[in-house]
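Participant: Would you mind keeping the following structure in view while I ask a few things?
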Amino acid sequence: MSEFDVMENEVVGEEQPTMPVQPQGDYTRIIGLDVANSTLKIWTDELNLKYVNTIRQINDAGLVYSFKTDYQMYVYDKAVYEVGVVSAAGSGGRGISRYGSEQYKIEALIGIASCLKELPNLSNHEVLRVVTGVPSSLAKNQKIIAQIKQMLTGVHEVKSVTWEDVKPITFEIREVIVVPQPLGTMYDYVYDPEADALNEKLLDQRAIVIDIGWGTTDIAILETARVRSTFSFDIGTSDYISDLQEDVNSNVPEASIFSLSPHELDLSLLESPVVETPFGQYDLSAYVEKHSKNQAKRVYQEVMGLGLEFNKFYKIILTGGGSLLYEKYLREFFNDPRLVIQNNAVMANCRGFWLLGNY
Numbered sequence: 047m048s049e050f051d052v053m054e055n056e057v058v059g060e061e062q063p064t065m066p067v068q069p070q071g072d073y074t075r076i077i078g079l080d081v082a083n084s085t086l087k088i089w090t091d092e093l094n095l096k097y098v099n100t101i102r103q104i105n106d107a108g109l110v111y112s113f114k115t116d117y118q119m120y121v122y123d124k125a126v127y128e129v130g131v132v133s134a135a136g137s138g139g140r141g142i143s144r145y146g147s148e149q150y151k152i153e154a155l156i157g158i159a160s161c162l163k164e165l166p167n168l169s170n171h172e173v174l175r176v177v178t179g180v181p182s183s184l185a186k187n188q189k190i191i192a193q194i195k196q197m198l199t200g201v202h203e204v205k206s207v208t209w210e211d212v213k214p215i216t217f218e219i220r221e222v223i224v225v226p227q228p229l230g231t232m233y234d235y236v237y238d239p240e241a242d243a244l245n246e247k248l249l250d251q252r253a254i255v256i257d258i259g260w261g262t263t264d265i266a267i268l269e270t271a272r273v274r275s276t277f278s279f280d281i282g283t284s285d286y287i288s289d290l291q292e293d294v295n296s297n298v299p300e301a302s303i304f305s306l307s308p309h310e311l312d313l314s315l316l317e318s319p320v321v322e323t324p325f326g327q328y329d330l331s332a333y334v335e336k337h338s339k340n341q342a343k344r345v346y347q348e349v350m351g352l353g354l355e356f357n358k359f360y361k362i363i364l365t366g367g368g369s370l371l372y373e374k375y376l377r378e379f380f381n382d383p384r385l386v387i388q389n390n391a392v393m394a395n396c397r398g399f400w401l402l403g404n405y
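Residue numbers (our numbering): 47 to 405.
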């Protein structure tokens, strides 16, 4: 068993360490990469980046003008892509095939390139160690892990295209580490920035991370400095958005709520419960309250149904975008002073991946 093989739904033996070995090679940079279903996130030693994880191949041969002053495209393998467009599609989904797809690969490589191009000291040939995550249910699937490593390892060139410039970005991914997604937040939780080291006291205290994402909710348990078990179930924010759309469509059909993509509706609701569609503005406050409470209840029931000994946890750590969306009701259902929302919950996994690559 390798040190990153985390057994699903069962206790792992004493030989299972939490920390990886130190890098065996010369790297110019370590990258934390989270190719999530909803948002792509990158964390480096100098900056971090996130945007809606959608990608669209385009042909602008007939383009004569763009109203967007921040026109930005990327070229990979002679194809031109636009990323972060909320109306476009991503590789998001719960299917296992996502992680072996060409679209997943392009999302990851463009994400890395889009971050590297912002670095003031970008070298002509960056050599990277990339740490990324998959749902806990896939963390011991060696076929999936091998596919991700094979797709990303090697030398890549992505061209950043704006109105004024075409900038080739060349980088070599020399090593890829794949871990369960909530392990990222676990690293973020136990890291002490003042000491620039992992907090030994926190490592010795039993804790649980509940990562509520777009497609899945994933769990990791820390005990005696080891992640001893992980769990995953297919409940995520996509269900909340889907249920809300179905409800609104049944009761307010004139809103034509399905004219908005799930990402468009999600982003709109983060700003205000008053949503605008091509047919007008509609106050969805009652639907937001109803379905956020239902979603929080589903997460709570699934977690409690695992039969874990919650009285032994020093902290119950909620992370992921869902932890912020349903915080009010999650606190109500858990009703536990040990429950905390991880700082910067949307980026916590990605930052933890970067930390894992360093410690």
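C-beta: ideal position from N, C-alpha, C; glycine also.
Going by DSSP, which residues form a beta bridge with phenylalanine 279?
Facilitator: For the purposes of this step, residue 279 is taken as the residue at position 233 of the sequence shown. Note: phenylalanine 279 sits in a beta bridge opposite Thr263.
Participant: Short of 8 Å in beta carbon distance, which residues of its chain neighbour asparagine 357, apart from the five on each side in sequence? Order them along the chain.
Facilitator: Taking the sequence shown and counting its residues from 1, one reaches residue 357 at position 311. Within the same chain, asparagine 357 has no close Cβ partners at all.
Participant: Mind checking glutamine 188: buried by the 16 CB within 10 Å criterion, or exposed?
Facilitator: Here residue 188 refers to the residue found at position 142 when the sequence shown is read from its first residue. That one is exposed.
Participant: Quick check: the Cα distance between alanine 125 and asparagine 381, rounded to an integer number of angstroms?
Facilitator: The count along the sequence shown starts at 1 and reaches residue 125 at position 79. The count along the sequence shown starts at 1 and reaches residue 381 at position 335. Those two C-alpha atoms are separated by around 51 Å.
Participant: I'd like the list of long-range same chain contacts for leucine 165, defined as Cβ closer than 8 Å, with 5 residues on each side in sequence excluded.
Facilitator: Here residue 165 is taken as the residue at index 119 of the sequence shown, counted from 1. Excluding sequence neighbours, leucine 165 sits near Thr90, Glu92 and Leu93.
Participant: Assess, as a yes-or-no matter, whether the stretch 293-304 is touched by the stretch 255-272 under the definition of 3 or more beta carbon pairs within less than 8 Å.
Facilitator: Touching, no.
Participant: Are aspartate 234 and asparagine 395 closer than 9 Å when you measure CB to CB?
Facilitator: As a first step, residue 234 must be located in the sequence shown, where it is residue number 188. As a first step, residue 395 must be located in the sequence shown, where it is residue number 349. Yes, they are a contact pair.
Participant: Are the beta-carbon atoms of leucine 184 and lysine 151 separated by less than 9 Å?
Facilitator: The residue labelled residue 184 in the question sits at position 138 within the sequence shown. The residue labelled residue 151 in the question sits at position 105 within the sequence shown. Taking 9 Å as the Cβ cut-off, leucine 184 and lysine 151 do not qualify as a contacting pair.
Participant: Alanine 159 to lysine 87, Cα distance in whole Å?
Facilitator: Along the sequence shown, read from residue 1 onward, the residue named residue 159 stands at position 113. Along the sequence shown, read from residue 1 onward, the residue named residue 87 stands at position 41. When rounded, the distance between both Cα atoms is 12 Å.
Participant: Taking 8 Å as the threshold, find out whether the stretch 372-388 comes into contact with the stretch 348-364 through three or more Cβ pairs.
Facilitator: Verdict: yes, contact present.
Participant: According to DSSP, simplified to helix, strand and coil, what is alanine 82?
Facilitator: Within the sequence shown, numbered from 1, the residue matching residue 82 stands at position 36. In the structure shown, alanine 82 sits in coil (DSSP, three-state: anything other than H, G, I, E or B).
Participant: Where does glutamine 149 sit, in a helix, a strand or coil, going by DSSP?
Facilitator: Residue 149 sits at position 103 when you count from the first residue of the sequence shown. Helix at glutamine 149.
Participant: Buried or exposed, going by whether 16 or more other CB atoms sit within 10 Å of the CB of alanine 266?
Facilitator: Start at 1 with the first residue of the sequence shown, and residue 266 comes out as number 220. It counts as buried.
Participant: So is valine 222 buried or exposed if we call it buried at 16+ other beta carbons inside 10 Å?
Facilitator: As a position in the sequence shown, residue 222 is number 176, starting the count at 1. Under this definition valine 222 is a buried residue.
Participant: Going by the beta-carbon positions, is the gap between glutamine 118 and threonine 208 smaller than 9 Å?
Facilitator: Position 72 of the sequence shown, counting from 1, holds the residue named residue 118. Position 162 of the sequence shown, counting from 1, holds the residue named residue 208. Result yes, Cβ atoms of glutamine 118 and threonine 208 sit closer than 9 Å.
Participant: What separation, rounded to the nearest whole angstrom, lies between the Cα atoms of isoleucine 142 and isoleucine 190?
Facilitator: Here residue 142 is taken as the residue at index 96 of the sequence shown, counted from 1. Here residue 190 is taken as the residue at index 144 of the sequence shown, counted from 1. Rounded to the nearest angstrom, the two C-alpha atoms are 8 Å apart.
Participant: Assign glutamate 49 to one of three DSSP states: helix, strand, or coil.
Facilitator: Mapped onto the sequence shown, residue 49 falls at position 3. Confidence is the limiting factor: at glutamate 49 the pLDDT is only 34, short of 50, which leaves the residue's position unreliable and the question unanswerable from this model.
Participant: According to DSSP, is histidine 202 helix, strand or coil?
Facilitator: Along the sequence shown, read from residue 1 onward, the residue named residue 202 stands at position 156. Of the three classes helix, strand and coil, the one that applies to histidine 202 here is strand, per DSSP.
Participant: Across which residues does DSSP place phenylalanine 217 in a beta bridge pair?
Facilitator: Here residue 217 corresponds to residue number 171 of the sequence shown, with the count starting at 1. Partner(s): Glu172 and His202.
Participant: Which first and last residues belong to the beta strand (DSSP E) in which asparagine 94 is found?
Facilitator: On the sequence shown, residue 94 is found 48 positions in, with the first residue counted as 1. That run of the beta strand (DSSP E) goes 94-98.
Participant: Nearest to isoleucine 254 by alpha carbon, out of Pro239, Asn245, Asp264 and Val81?
Facilitator: Here residue 254 refers to the residue found at position 208 of the sequence shown. Ranking the options by Cα distance to isoleucine 254, first place goes to Asp264.
Participant: So what does valine 255 bridge to, in DSSP terms?
Facilitator: Your numbering for residue 255 matches position 209 in the sequence shown. BP columns for valine 255 point to Ala266 and Ile363.
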